Amino acid sequence: MIPTTADAYQLLHDGSLALARMEENGFCIDMDYLQRTTQEVTSRIKEFERELQADKLWREWRKRFGEKASLGSDTQLTELLFNVLKHPYPEGEEWRTNTGRYRADEETIGAVDLPFTKLWQRCKKQKRLLGTYLNGIAREVVNGRVHASYNLHTVETMRSSCSDPNVQNQYKRDPEMMKILRRCYVASPGCVLVEIDISSAEVRVAACYNRDPVLIKYIKDPTTDMHRDTAADLFLLPVEFLIEHKDWAKRTVRDWAKNRFVFPQFYGSVYFQCAPSLWEGVCNPAVKVPGTDLTVKQHLRAKGIRKLGACKPAKQGENEPEEGTFEHHVREVERSFWNQRFKVYTEWKNRWHEAYLKKGYYDTLTGFRMAGHYKRNEVLNGGIQGDAFHCLLWSIIKSQRLFDRRKLKAKPIAEIHDSMILDVPVEEVQEVLTLAHKVMTVDLPKAWDWLIVPMEVECEIAPEGGSWVDVAQWVNKSGTWGPK
DNA sequence: TAATGCAGCGCC
DNA sequence: AAAGGGCGCTGCATTA
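Note that this note's numbering gives residue 1564 to position 281 of the first sequence, counting from 1, and the numbers run on in steps of one.
Below is the structure:
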């Protein structure tokens, strides 16, 4: 990576200083809660282990591995389950690790329907919570704060990284784990936690690269929704139906389309990889198409889609998806997605990759020349990822300067690629939200003329005395910020 | 005993 | 034809 413009150099210099100040500020930790929770989780793990060791499977385990038997070893567990006890194990390369061993992930162990394995998995999860997360915080706390390290020079795409502890990967999607872990992170006395993120940052930046009018329309026009339209295609439901049953769709088909098709496709995934995870949703017996008694699977069956299909990597003339399979259907959707709906995006991908192959580098919109040996998907994603982060970095730098100039005590304390977390004195909340919002939605597009789509942000804020668990969305209503 | 590799999994 | 982009951390297994 080489910065090719003065602005690019400046961004890194200013960014280093901004992140250094963020490190110095640190994130306040509720130490009483941390200690209490560490003890609770520790004893929970001990209880789980006692129960596991009382199971007859543990006797088999000891018989097989003797003194070396270790409850934490997933290699030993797979050996016991699939070689000694001969539990069925799926055929095929995708079910093996890179070194040809049995996989020991959540899915494969979870497929063995025994009380022992269920318990083992719950135990494993608690061990991760303790070993990686709670201990990770405790190890780094100084005077009640963690001062994570942020890097601008380590990531291939010019994103940032974070370590000691890595504040960028704390539980969020698992509600149970999220509530336990994020409760550790609190605002400083007299302050509240504010989190501001750029809505679909990478999609916006992607549109700046490819200038696909359809993608731009999806971004600009709030009545349109590419995830909803793609869900309609994938699950053969009319768009009007999805609009009518918006809340249902949001939890089900639209969510699957977004997270199991649209985003993976943007990152370069393909139909035979998307289809199995989509199908998992389809097979959920608890999800019924509104107004009918049909599961999504039954609904698709009525449309002539009877099964998933083999989902093998396409080779010339081989592994052709079979007609009437979901895999076949997903391929059709993929084709229309890239050849019809986003055909300008597709043309850009081909041109961009071709140019890279010819030159041996690509230039990003924020002024960095990326020279090196990259695969196709890396070339197509690198600039988007880096520049989306640079939008945030620029915003942090600018916001910090504004806070300084106005003698505000609000401080950025963390950054997660497209969001910044601030420690804000209660009385500064309105001013800080207004300033940060303006920086990200007005000043940023003004400063970078390549930014040809509007920027939008989402603000979340925790009540005074609350923690990172308690952040809830706030919006601006006629000049004043308040709960949505 | 220390260093390294691998697999798994948390986040965007 | 393609073959999900980017990280950091942990525990276990293997190698030096």
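Backbone N, C-alpha and C define an ideal beta-carbon position, used for all residues, glycine too. These numbers come from a predicted model, not from an experiment.
Straight-line gap, W1751 to L1691 (C-alpha atoms, nearest Å): On the first sequence, residue 1751 is found 468 positions in, with the first residue counted as 1. On the first sequence, residue 1691 is found 408 positions in, with the first residue counted as 1. Near 22 Å, if we compare the C-alpha coordinates of L1691 and W1751.
DSSP-derived helix/strand/coil call for F1625: For this step, residue 1625 is matched to residue 342 along the first sequence. Three-state result, F1625: coil.
Pull up the distance between the alpha-carbon of E1423 and that of P1448, whole angstroms please. Within the first sequence, numbered from 1, the residue matching residue 1423 stands at position 140. Within the first sequence, numbered from 1, the residue matching residue 1448 stands at position 165. Each residue's alpha carbon lies about 7 Å from the other.
Please go through the same chain and pick out, in chain order, the residues whose beta-carbon is closer than 6 Å to the beta-carbon of W1539, but skip the five residues on each side of it. Locating residue 1539 in the first sequence gives position 256, where the first residue counts as 1. Taken in chain order, the residues that qualify are L1561 and G1564.
Give me the DSSP bridge partner(s) of C1445. Working through the first sequence from its first residue, we reach residue 1445 at position 162. C1445 pairs with Y1433.
Quick one: which unbroken alpha helix (DSSP H) runs of 4-plus residues sit fully inside the stretch 1336 to 1381? Chain order, please. 1339 to 1348 and 1357 to 1361
In chain order, what residues of the same chain lie with their CB nearer than 7 Å to the CB of D1670, ignoring the 5 residues before and after it? Residue numbering aside, residue 1670 sits at position 387 when the first sequence is read from its first letter. Once the five neighbours on either side are set aside, the close Cβ partners of D1670 are V1488, T1647, L1648 and T1649.
With K1721 as the anchor, note down where its alpha helix (DSSP H) starts and where it stops. For the purposes of this step, residue 1721 is taken as residue 438 along the first sequence, with counting starting at 1. Start and end: V1712 to K1721.
Could you have a look at W1733 and say whether DSSP puts it in helix, strand or coil? Reading the first sequence from its first residue, position 450 is the one you call residue 1733. It is coil, neither helix nor strand.
List the endpoints of the continuous beta strand (DSSP E) containing G1765. Here residue 1765 corresponds to residue number 482 of the first sequence, with the count starting at 1. Looking at the DSSP string, the run of the beta strand (DSSP E) that includes G1765 is T1763 to P1766.
Output needed for T1237: all residues of its chain with C-beta closer than 7 Å, excluding positions within five of it in sequence on either side, in chain order. Residue 1237 falls outside the range modelled here, since the chain spans only 1284 to 1767, and no answer is possible.
Leaving out five residues before and five after G1473 in sequence, what residues of the same chain have Cβ atoms less than 6 Å from its Cβ? On the first sequence, residue 1473 is found 190 positions in, with the first residue counted as 1. If we look at G1473 and ignore the five residues flanking it on each side, its Cβ neighbours are P1708.
Would you identify the three-state DSSP class for P1746, choosing helix, strand or coil? Within the first sequence, numbered from 1, the residue matching residue 1746 stands at position 463. Here P1746 sits in coil by DSSP.
If you draw a straight line from the alpha carbon of G1383 to that of R1689, how long is it in whole angstroms? Locating residue 1383 in the first sequence gives position 100, where the first residue counts as 1. Locating residue 1689 in the first sequence gives position 406, where the first residue counts as 1. One C-alpha to the other measures close to 60 Å.
Through-space distance from G1643 to I1420, alpha-carbon basis: Walking along the first sequence from the start, residue 1420 turns up at place 137. Walking along the first sequence from the start, residue 1643 turns up at place 360. Their backbone Cα atoms lie some 42 Å apart in a straight line.
C-beta atoms of G1784 and I1499 nearer than 8 Å: A question about residue 1784 goes unanswered here, because the residues of the chain that appear run from 1284 up to 1767.
Would you please state the rounded distance, in angstroms, between the beta carbons of A1693 and D1706? I believe it to be under 8 Å. Counting from 1 along the first sequence, the entry for residue 1693 is found at position 410. Counting from 1 along the first sequence, the entry for residue 1706 is found at position 423. Right, the Cβ-Cβ distance comes to about 7 Å (below 8 Å), so this counts as a contact.
Could you check whether R1494 and V1662 sit closer than 8 Å to each other, using their CB atoms as the reference points? Within the first sequence, the letter at position 379 stands for residue 1662. Within the first sequence, the letter at position 211 stands for residue 1494. It is not a contact, given that the beta carbons lie outside the stated cut-off.
8 Å Cβ cutoff met for A1291 and F1651: Taking the first sequence and counting its residues from 1, one reaches residue 1291 at position 8. Taking the first sequence and counting its residues from 1, one reaches residue 1651 at position 368. Yes, they are a contact pair.
So, do the stretch 1697 to 1706 and the stretch 1298 to 1316 have three or more beta carbon pairs nearer to each other than 8 Å? yes
Let me make sure I understand the geometry here. Which of R1386, P1496 and W1344 has the alpha-carbon closest to that of P1373? The residue labelled residue 1373 in the question sits at position 90 within the first sequence. Among R1386, P1496 and W1344, the Cα nearest to that of P1373 is on R1386.
Buried/exposed call for P1371, threshold 16 Cβ in 10 Å: For the purposes of this step, residue 1371 is identified with residue 88 of the first sequence, where counting begins at 1. Classification of P1371: exposed, given that the 10 Å Cβ count is below 16.
Are the beta-carbon atoms belonging to F1555 and K1598 less than 8 Å from one another? For the purposes of this step, residue 1555 is taken as residue 272 along the first sequence, with counting starting at 1. For the purposes of this step, residue 1598 is taken as residue 315 along the first sequence, with counting starting at 1. No, Cβ-Cβ distance for F1555 and K1598 is not below 8 Å.
For the stretch 1594 to 1656, list the beta strand (DSSP E) runs that are entirely contained and at least 3 residues long, ordered along the chain. 1644 to 1646 and 1651 to 1654
Quick one, are the C-beta atoms of W1677 and L1727 less than 8 Å apart? As a position in the first sequence, residue 1677 is number 394, starting the count at 1. As a position in the first sequence, residue 1727 is number 444, starting the count at 1. Against a cut-off of 8 Å, the Cβ pair of L1727 and W1677 comes out as a contact.
Can you tell me the Cβ-Cβ gap for L1525 and R1534, rounded? I've got them flagged as a contact below 8 Å. Taking the first sequence and counting its residues from 1, the one referred to as residue 1525 is at position 242. Taking the first sequence and counting its residues from 1, the one referred to as residue 1534 is at position 251. Actually they are not in contact, since the Cβ atoms of L1525 and R1534 sit about 12 Å apart, beyond 8 Å.
How big is the Cα-Cα spacing for Q1409 and G1748? Looking up residue 1409 in the first sequence gives position 126. Looking up residue 1748 in the first sequence gives position 465. Approximately 27 Å between the Cα atoms of the pair.
Start-to-end residues for the alpha helix (DSSP H) that takes in N1660: Sequence index remark: in the first sequence, residue 1660 carries index 377 (1-based). It spans R1659 to R1688 - the alpha helix (DSSP H) in which N1660 sits, taken as one unbroken run.
Going by the DSSP bridge assignment, what does I1463 pair with across the sheet? Locating residue 1463 in the first sequence gives position 180, where the first residue counts as 1. According to DSSP, which records beta bridges pairwise, I1463 is partnered with nothing at all.
How long is the line joining the alpha carbons of K1729 and C1674, rounded to whole angstroms? Taking the first residue of the first sequence as position 1, residue 1729 is located at position 446. Taking the first residue of the first sequence as position 1, residue 1674 is located at position 391. Computed Cα separation, rounded: 12 Å.
Under three-state DSSP, which class holds A1697? One-based indexing of the first sequence puts residue 1697 at position 414. Reduced to three states, the DSSP call for A1697 is strand.
Do S1299 and L1517 count as a contact pair if the criterion is CB distance below 8 Å? As a working mapping, residue 1517 is identified with position 234 in the first sequence. As a working mapping, residue 1299 is identified with position 16 in the first sequence. In this structure, S1299 does not lie closer than 8 Å to L1517 by Cβ.
With a threshold of 16 other CB atoms inside 10 Å of the CB of L1640, please say whether the residue is buried or exposed. Taking the first sequence and counting its residues from 1, one reaches residue 1640 at position 357. Result: exposed.
Straight-line Cα distance separating V1725 from S1482: Here residue 1482 refers to the residue found at position 199 of the first sequence. Here residue 1725 refers to the residue found at position 442 of the first sequence. C-alpha separation (whole angstroms): 14 Å.
Which same chain residues, not among the five before or five after V1570, have their C-beta less than 6 Å away from its C-beta? Reading the first sequence from its first residue, position 287 is the one you call residue 1570. Within the same chain, V1570 has close Cβ partners T1535 and V1579.
Under DSSP, the alpha helix (DSSP H) around M1509 begins and ends at which residues? On the first sequence, position 226 is the one that residue 1509 refers to. Here the alpha helix (DSSP H) through M1509 covers M1509 to F1518.
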